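Chemist: Take a look at this one; I'll ask things after.
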């Protein structure tokens, strides 16, 4: 990944943008991100629920790592809590990392491909979901997801 940092300020609503003091002055928040892939190549995007920062923006599902958790363990926990899906940590394929400097947090996204899961999608946080392929039919998308798309 190198020292590349995606600056998200320009892609977010004016009311959300902050000045910050650069990525060096802030702690990094590690986030496990699941790129759930269907056999036909479609991938899952979910919307951020009301009450969360950037509500209504579309993203890949996932969430913050808790103390002592691996990326695979965090992703399995988050996909179960948010979507009702069960994945084994062995089904998580680490793919790429992206450091994103959002106005509210410096976030290291750990993107993982997931080809196998059990259960049916349940939107447990009131979010929406869509399976995408080819052209993206939803907007706005969080800047951290754009390099992967």
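In the numbering used here, the protein residues as written are 88 to 236.
Quick reminder that beta carbons are idealized off the backbone N, C-alpha and C, glycines included.
The structure presented is a predicted model; accordingly, all values stated were derived computationally and were not measured.
(1) Can you find the residues in the same chain that come closer than 7 Å, C-beta to C-beta, to residue 121, ignoring five residues on each side of it along the sequence?
(2) Counting only the same chain and skipping the five closest in sequence on each side, list residues whose C-beta sits under 6 Å from that of residue 108.
(3) Based on the DSSP output, what are the partners of residue 117 in its beta bridges?
(4) Could you round the C-beta distance between residue 151 and residue 116 to whole angstroms and report it? I think they count as a contact, below 8 Å.
(5) Could you check the C-alpha separation between residue 126 and residue 217 for me, to the nearest Å?
(6) Residue 214 and residue 164: beta carbons closer than 9 Å?
(7) On the CB-based measure, 16 or more other CB atoms within 10 Å of its CB, does residue 173 come out buried or exposed?
(8) Under DSSP, the alpha helix (DSSP H) around residue 164 begins and ends at which residues?
Modeler: Taking the definition as stated:
(1) 147, 148, 149, 162, 166, 199, 201
(2) Confidence is the limiting factor: at residue 108 the pLDDT is only 48, short of 50, which leaves the residue's position unreliable, though a coordinate-based value still follows. There are no such residues.
(3) 195
(4) 6 Å
(5) 15 Å
(6) no
(7) exposed
(8) 158-170
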